[in-house]
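Enquirer: Just dropping this structure here.
In our numbering, the protein residues as written are 45 to 436.
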């Protein structure tokens, strides 16, 4: 397999954009990535486009990537569509990486885009709620799918289990939310740019006990894109390529009682492929669709021991100036979670962090970055997980 580099990274601001289409959001993100790389559309040899709920929200099915890119001048190249719940665009990135690493193509675009916001919020909630086995799953509680996504109930149940097993406190969960909203306030691409104190988080409206509003990711739109190239081409284009050292993707399965969670299993594969361990990672973007998820995931990704996620957050270790900065972008809670664009939004952020281009949220001297992106839920485990390791 060949070495693969990111030579272009761009995104839109995440937010609620009723006036914008999937086409306009996708094209804006791609143009920003092309400009960043100093490339033209004609340089792209293949494109992978991640989108999760376009069919449910806009009616566009089957050829979403072609519908976005072809009217804008992309044609006569492979355009592949990936739908993989909230991991749709990190899956697109994985396939783009594979295209280049295999030697099939030298310059490949990965795009993630989502039009999720609608004035009828129930439409958005119900679309997100389809990322389960619909034959087996029922609404968790009254109101799920109407006033919130059913996933907030799942995260609430997981939080209660973690609190009971390890003594994690609601104050520690609020600490995560406060950190990420503070980080988001420093990010011009974030949907939510207002910092909240721990007390603000605790006093916010209850969504699904123990989760308050500011502990939950919101509904939004957006696009994010990267351009991946072979090492030879990357060195021709820029002096600061970011290298993809590992790209791992796994599906959940029915686990034995003592078996590690899918994020744990996937990250171990990524660490092995990259030849590093968790202690080598300088900056992390992970899937905090709700604040307690970050507490569990820092354990599963190996940044602290199981049961120590709450104290890890409370200690300040995950702050921008901490030992292991987590979600300096604001994460899904503050940067936003337009689900088909989320994974590439993480990868764009880590690219900027490793280049030293993250502005007020810059992690000092970051050399190794990791992204974790999850999607869906089946039989008690995430349906899909992706983990990527990038280095400068």
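Glycine residues also receive a C-beta, built at the ideal position from the N, C-alpha and C atoms.
1) Enumerate in chain order the residues of its own chain whose CB-to-CB distance from residue 448 is below 7 Å, with the five nearest sequence positions on each side excluded.
2) Hey, which unbroken runs of the alpha helix (DSSP H) at 4 residues or more fall wholly within the segment 123 to 161?
3) Report buried or exposed for residue 186, applying the criterion of at least 16 other Cβ atoms within 10 angstroms of its Cβ.
4) Does DSSP put residue 289 in a helix, a strand or coil?
5) State buried or exposed for residue 184, treating a residue as buried only when at least 16 other CB atoms are found within 10 Å of its CB.
6) Cβ of residue 433 within 8 Å of Cβ of residue 249?
7) Give the secondary structure of residue 62 by DSSP, where H, G and I count as helix, E and B as strand, and everything else as coil.
8) Mapping DSSP to helix, strand and coil, what is residue 381?
9) Can you give the Cα-Cα distance for residue 109 and residue 139, rounded to whole angstroms?
10) What alpha helix (DSSP H) runs, 4 residues minimum, are completely inside the segment 349 to 415?
11) For residue 329 versus residue 343, is the C-beta distance shorter than 8 Å?
12) Quick one: is residue 241 buried, meaning 16 or more other Cβ sit within 10 Å of its Cβ, or exposed?
13) Please work out which residues of its chain come closer than 6 Å, Cβ to Cβ, to residue 369, disregarding the five sequence neighbours upstream and downstream, and give them in chain order.
14) Taking the beta strand (DSSP E) that residue 434 belongs to, which residues open and close that run?
15) Specify the secondary structure class of residue 107 as computed by DSSP and reduced to three states.
16) Which class does residue 439 belong to by DSSP, given the choice of helix, strand or coil?
Expert: With the structure as the only source:
1) Nothing about residue 448 can be read from this structure; the chain reaches only from 45 to 436.
2) 132 to 145
3) Summary for residue 186: the model assigns pLDDT 49, below 50, so the residue's position carries little reliability; its value from the coordinates is reported in the next sentence. That one is exposed.
4) strand
5) In this prediction, residue 184 scores a pLDDT of 47, lower than 50, which makes its location untrustworthy; the coordinate-derived value is nonetheless stated afterwards. Classification for residue 184: buried.
6) No; because the gap between Cβ atoms is not below 8 Å, this pair is not in contact.
7) For residue 62, the three-state secondary structure derived from DSSP is coil.
8) coil
9) Each residue's Cα considered, the two are about 14 Å apart.
10) 353 to 359, 375 to 378, 383 to 399, all fully within the segment 349 to 415.
11) no
12) exposed
13) So the list reads 327, 407, once near-sequence residues are dropped.
14) 425 to 435
15) coil
16) With the chain covering only 45 through 436, there is no way to say anything about residue 439.
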